[in-house]
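Take a look at the structure set out below.
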Amino acid sequence: MGKRILCPYCYQHFDNNEIEVECENNGLNSHGDLVCEKRLNEKLSNHWGNDLESHRVFKPKLGLFSFLFPYKPKPESCPTCGYLSQRFICPNCNNWLPKEMVEKGAEIISVIGGPASGKTNYIVTLIQQMKKYGNKLSLSIIPQQVGRKKEEFTSYKYEKAREIIFDMKMPVPKTAVTKHEIPWILRLESVETGKAVYLVFYDTAGENFKDSDSIRKNAQYLRESKAVICVLDTLSIKRIQKVLESNDIDNNDVATPFDETLTALFNFQTGDKNLSDKPFAFVMSKFDVVIDHHEDLGCDVSMFLNEDGSPRNSDFIKTGQLNLAQIEQAHKAIKSYMDDAEIWDASEHSFNIVSKWGDNARFFGVSSFGCMPDENATLQGDVEGVIQPYRVMDPLVWVLYKVGGFFKK
Ligand SMILES: Nc1nc2c(ncn2[C@@H]2O[C@H](COP(=O)(O)OP(=O)(O)OP(=O)(O)O)[C@@H](O)[C@H]2O)c(=O)[nH]1
Ligand SMILES: [Mg+2]
Ligand SMILES: [Zn+2]
Ligand SMILES: [Zn+2]
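Every letter in the sequence shown is one number past the one before it in the working numbering, and letter 279, counting from 1, is 424.
See below:
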């Protein structure tokens, strides 16, 4: 038996003994002819909905009893040209998969959310913070380098977006609506225990959330995910909108109401497997607004602040220790805001979530920028002008804790 692989492109399972290889020979022979010509690839074309070519696709030569063991990726010789290739591809859709995923298998955590909820900016700041502080919990994060072209590599997309936020100090713009999204694929590994997982993020324009084709796809991909991070937009709360208005703060983004996201989520729940069996982190984005306007909002935010009144980030950044109590405290505070008819007035949602998921759901308050973009869509950052994301890692760290195997007991 090989290792069971879940393809992050087509969400089909396959045994890693069924893996295929695409020839990597781009060279020319002495006559200048391509030695291993590209041709139309039907599976790849079907997946992406337009004609795409690839080099020769072949199955590795496996020994007689190799089906009994997991396949170990190694350079494989192309039957056409003999070139040794290590570009491993899914046998169903022929998309290129990371080598370690083929070797060790992959569990998938997905990130979802409605239009303008802050998904794209969240994932970028999450990667930035994990790169910077993940080591405190012995976690490493690696944006993957696979895709049809360099521009599709997660590493490339991340670097571009990181520059926009942290160097140019602007939010990453709205995601374009496209028919075929390209997943962001990140490998997360515990250096201590060796356990690894892939974080897969379909950066769909939130609009696709409502389209029935997308709902079907989303349903399939949630079903196959080990855990889910669901982004809810704090700016959709009426009371918060009123407070911003009375402070003359423009907010031009049309926020997605909790209702819409949660209804979509319940619609995704098709088939026999229950979504509430897996850990769900419900992430309140743009939480800087709650902290900055807590007096007008009537929220007690003391648990989110240091004694000097500055925002208190995830404790483990300082201590190197996972502090579940801090996560519980934040969860309870947010639940109490939701339950209070005078504050967030969202008790039906907190009730539904808690009664459905129980211990498998937690609320989080995060801010990708630590501040509100100003009227010129510029990020002022902290007193020194540095962009300081707030608690963006907590949902991921909690989810990893729930999945298990990432932290030594
Ligand atoms: N105050 C505040 N605003 C934020 C934060 N993150 C995002 N925003 C605002 O929300 C807008 C939408 O954020 P995006 O990350 O583009 O949201 P999205 O969910 O990817 O949106 P679509 O791609 O349109 O589906 C941004 O342009 C910002 O103005 C935050 O941490 N704080
Ligand atoms: Mg987006
Ligand atoms: Zn596939
Ligand atoms: Zn070849």
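Note that beta-carbon positions come from the ideal geometry of N, C-alpha and C, so glycine has one too.
These numbers come from a predicted model, not from an experiment.
Ligand 6 heavy atoms versus the CB of K276: any closer than 6 Å? Annotation note on ligand 6: not contained in the displayed structure, which lists ligand 1, ligand 2, ligand 3 and ligand 4 as its ligands.
Output the distance between the C-alpha atoms of S335 and L284, rounded to the nearest integer angstrom. Counting from 1 along the sequence shown, the entry for residue 335 is found at position 190. Counting from 1 along the sequence shown, the entry for residue 284 is found at position 139. In a straight line, the C-alpha of S335 is about 5 Å away from that of L284.
Under the three-state reduction of DSSP, which class applies to D378: helix, strand or coil? Start at 1 with the first residue of the sequence shown, and residue 378 comes out as number 233. In the displayed model, D378 falls within a strand according to three-state DSSP.
Locate the alpha helix (DSSP H) running through M483, then write down its first and last residues. Here residue 483 refers to the residue found at position 338 of the sequence shown. Here the alpha helix (DSSP H) through M483 covers 469-484.
Opening and closing residue of the beta strand (DSSP E) in which E326 lies: For the purposes of this step, residue 326 is identified with residue 181 of the sequence shown, where counting begins at 1. That residue, E326, is in no beta strand (DSSP E); it is neither H nor E in DSSP.
Per DSSP, which residues does H158 bridge with? Please list them. Position 13 of the sequence shown holds residue 158. Per DSSP, the beta-bridge partners of H158 are L151.
Please confirm if the stretch 303-311 is in contact with the stretch 259-270, defined as three or more CB-CB distances below 8 Å between the two stretches. A contact is defined here as three or more CB-CB pairs under 8 Å, and the stretch 303-311 meets this definition with respect to the stretch 259-270.
Below 8 Å on the Cβ atoms is my guess for V291 versus I330; work out the distance and round it to an integer in Å. Translated into positions along the sequence shown, residue 291 becomes position 146. Translated into positions along the sequence shown, residue 330 becomes position 185. About 7 Å separates the two Cβ atoms, so the contact holds.
Taking 8 Å as the cut-off, does the stretch 470-484 touch the stretch 535-546 (at least 3 CB pairs, one atom from each stretch)? yes
At what residues does the beta strand (DSSP E) containing Y267 begin and finish? Residue mapping note: residue 267 aligns to position 122 of the sequence shown, counting from 1. Taken as a continuous stretch (DSSP letters only), Y267 belongs to no beta strand (DSSP E), being part of the alpha helix (DSSP H) at 264-278.
Does the beta carbon of D433 fall short of 6 Å from some heavy atom of ligand 1? Numbered from its first residue, the sequence shown carries residue 433 at position 288. It does: the Cβ of D433 is within 6 Å (strictly closer) of some heavy atom of ligand 1.
By the DSSP assignment, the beta strand (DSSP E) with R232 in it spans what residues? Working through the sequence shown from its first residue, we reach residue 232 at position 87. Under the DSSP assignment, R232 falls in the beta strand (DSSP E) whose first and last residues are 232-234.
So does K556 have its beta carbon nearer than 6 Å to some heavy atom of ligand 1? Only positions 146 to 554 of the chain appear in the structure, and residue 556 is not among them; the question remains open.
Buried or exposed by the 16-neighbour rule on C-beta atoms within 10 Å, applied to H200: On the sequence shown, residue 200 is found 55 positions in, with the first residue counted as 1. Flag for H200 reads buried.
Please go through the same chain and pick out, in chain order, the residues whose beta-carbon is closer than 8 Å to the beta-carbon of F509, but skip the five residues on each side of it. On the sequence shown, position 364 is the one that residue 509 refers to. Here the set comprises A426, F427, V428, M429, I472, A475, H476, I479, R536, D539, P540, W543.
Would you tell me roughly how many angstroms separate the C-alpha atoms of V435 and V531, rounded to the nearest one? Here residue 435 refers to the residue found at position 290 of the sequence shown. Here residue 531 refers to the residue found at position 386 of the sequence shown. Distance between the alpha carbons of V435 and V531 is about 20 Å.
Starting from A341, trace the beta strand (DSSP E) both ways and give me its first and last residue. Within the sequence shown, the letter at position 196 stands for residue 341. Per DSSP, A341 belongs to the beta strand (DSSP E) from 341-347.
Between V202, Y216, E169, G172, which lies nearest to L185 when the distance is taken from Cα to Cα? Counting from one through the sequence shown, the residue named residue 185 turns up at place 40. Residue V202 is the option with its Cα nearest to L185.
Under the assumption that D378 contacts S262 (Cβ atoms under 8 Å), give the Cβ distance between them as a whole number of angstroms. Within the sequence shown, the letter at position 233 stands for residue 378. Within the sequence shown, the letter at position 117 stands for residue 262. Sure, about 4 Å apart at Cβ, within 8 Å.
From the DSSP secondary-structure annotation, give me the bridge partner or partners of S285. As a working note, residue 285 is residue 140 in the sequence shown. Its beta-bridge partners are E334.
First through last residue of the beta strand (DSSP E) which encompasses R507: The sequence position of residue 507 within the sequence shown is 362, counting from 1. 506-510 is the span of the beta strand (DSSP E), which, as asked, contains R507.
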